[in-house]
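Below is one structure; the comments refer to it alone.
In this note's numbering, the protein residues as written are 16 to 341.
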């Protein structure tokens with residue numbers, strides 16, 4: 016919610032709904048992000064009502080909503096999307112969580128990757144490529160040949176590289192940003208003009224493809240590495256079609272998070288593995304995860320009524336507030 020008019024409308028709508036339904040508000044829930052306008056509105060409403068304010072981590076809300084929709088009290092939840100403010104103040108987006116009756120815990124995640132320029136890296140995914148592959152041989156020539164795709168061309172590219180050298184960047188575990196990077200690397204999409212565009216175009220390109228990369232998921236402890244994936248794509252750009260490389264990227268991601276989730280489910284003696292977040296709209300990734308989960312003798316849980324993307328977050332926030340907010 017960026018515009019003042021939108022924020023004002025949200026506040027008015029929330030108050031109107033409370034009035035016509037005559038509800039007794041026990042608590043107000045909102046996102047954990049400290050600067051979201053929606054959180055500021057929630058703080059204001061909570062203060063006016065004298066109700067407690069419960070701030071909910073974005074991916075916790077996704078998985079809490081999934082568990083509640085399925086009527087399950089305990090599961091391992093895979094949550095993959097573009098961005099959610101993490102408990103450590105960093106950008107999350109590729110998380111594996113454990114849900115039980117007492118709490119939600121982060122157990123594993125994707126490898127943190129440089130996000131040079133913050134939100135600019137989401138709009139221009141070549142920035143993600145520069146960060147992830149900064150130590151890859153000959154990557155500079157590839158980047159230079161595409162510098163015209165940045166608003167300020169080669170000047171901007173050189174600034175990005177200097178920021179990387181100086182460590183002037185935030186990091187993200189976002190699965191969406193990895194798919195964005197693949198989109199730029201495959202010359203599918205170099206500028207996001209609407210939400211999820213690069214990742215959606217990777218999915219469209221991958222349709223009907225086959226797995227041509229032999230790289231198995233690189234897992235270190237509870238972290239799924241993604242640098243090796245993008246390196247493998249880069250060195251094979253001339254060896255395989257965009258379709259097959261896009262398909263292979265999605266297969267790697269799906270197999271990686273599913274393998275981690277299954278192992279964690281076994282460790283915690285949990286029967287269910289669920290998948291939520293915007294990436295769950297990707298049918299190929301969702302189906303690949305389901306097959307791995309079920310092949311290992313576990314039950315796969317996905318959304319049926321509640322949207323897996325941010326349209327379902329408010330439901331998850333309410334569930335979290337009711338279940339864990341006391």
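Cβ coordinates follow ideal geometry from the N, Cα and C atoms, glycine included.
Computed from a predicted model, the values in this text were never measured in an experiment.
Nearest-angstrom beta carbon gap, residue j and residue i [assumed within contact, 8 Å]
i: residue 109; j: residue 125; result: 3 Å
i: residue 343; j: residue 149; result: This structure cannot speak to residue 343, because the chain is shown only from 16 to 341.
i: residue 280; j: residue 288; result: 5 Å
i: residue 291; j: residue 92; result: 6 Å
i: residue 31; j: residue 151; result: Residue 31 to residue 151, Cβ: 54 Å. No contact.
i: residue 57; j: residue 43; result: 5 Å
i: residue 60; j: residue 29; result: 6 Å
i: residue 239; j: residue 196; result: About 15 Å; that fails the 8 Å criterion.
i: residue 111; j: residue 339; result: The Cβ separation is near 18 Å, so there is no contact.
i: residue 80; j: residue 327; result: 5 Å
Whether residue i touches residue j by CB criterion (8 Å)
i: residue 141; j: residue 82; result: no
i: residue 272; j: residue 45; result: no
i: residue 224; j: residue 259; result: yes
i: residue 106; j: residue 187; result: yes
i: residue 277; j: residue 313; result: yes
i: residue 145; j: residue 194; result: no
i: residue 226; j: residue 263; result: yes
i: residue 293; j: residue 97; result: yes
i: residue 234; j: residue 174; result: no
i: residue 70; j: residue 102; result: no
i: residue 230; j: residue 205; result: no
i: residue 167; j: residue 218; result: no
i: residue 133; j: residue 208; result: no
Selected residue, minimal CA-CA separation from residue i, among the options
i: residue 243; options: 116, 268, 42; result: 268
i: residue 157; options: 253, 43, 301, 239; result: 253
i: residue 318; options: 285, 132, 86, 72; result: 86
i: residue 89; options: 22, 39, 117, 193; result: 117
i: residue 297; options: 322, 285, 274, 284; result: 322
i: residue 320; options: 84, 64, 60; result: 84
i: residue 13; options: 336, 270, 337; result: The structure shown does not extend to residue 13, since the chain is modelled only from 16 to 341, so the question has no answer here.
i: residue 4; options: 182, 138, 266; result: Given a span of 16 to 341 for the chain in the structure shown, any question on residue 4 remains unanswerable.
i: residue 131; options: 160, 159, 111, 171; result: 171
i: residue 308; options: 177, 332, 37, 286; result: 286
i: residue 210; options: 71, 137, 316, 189; result: 137
i: residue 333; options: 299, 300, 64, 73; result: 73
i: residue 16; options: 52, 166, 327, 335; result: 52
i: residue 154; options: 34, 22, 247; result: 247
i: residue 182; options: 239, 238, 115, 147; result: 147
i: residue 341; options: 66, 325, 190; result: 66
i: residue 114; options: 49, 18, 127, 78; result: 78
i: residue 191; options: 207, 19, 184, 214; result: 214
i: residue 63; options: 50, 35, 26; result: 26
i: residue 337; options: 24, 143, 68, 325; result: 68
i: residue 128; options: 236, 100, 189; result: 189
i: residue 316; options: 301, 38, 327; result: 301
i: residue 55; options: 37, 34, 19; result: 19
Within-8 Å CB hit, residue i to chain D
i: residue 66; result: No chain D is present in this structure, which holds just one protein chain.
Residue i Cβ short of 7 Å to the ligand ZN heavy atom set
i: residue 177; result: Among the components modelled here there is no ligand, and therefore nothing to report on the ligand ZN.
Would you list, in sequence order, the uninterrupted alpha helix (DSSP H) runs of no fewer than 4 residues that lie entirely inside the region 157-208? 168-181, 190-200
Jot down the residue ranges of each uninterrupted beta strand (DSSP E) in the region 301-336, minimum 3 residues, whole runs only, in chain order. 314-316
Taking only runs of the beta strand (DSSP E) that begin and end inside the region 25-94, which ones reach a length of at least 3 residues, in chain order? With a minimum length of 3 residues, the unbroken runs of beta strand (DSSP E) contained wholly in the region 25-94 fall at 43-46, 68-71.
Can you list, in chain order, the stretches of the alpha helix (DSSP H) that have 4 or more residues and sit fully within the region 93-165? 134-138, 141-147, 154-160
Completely contained beta strand (DSSP E) runs for the region 229-316, where each covers 3 or more residues: 287-291, 314-316
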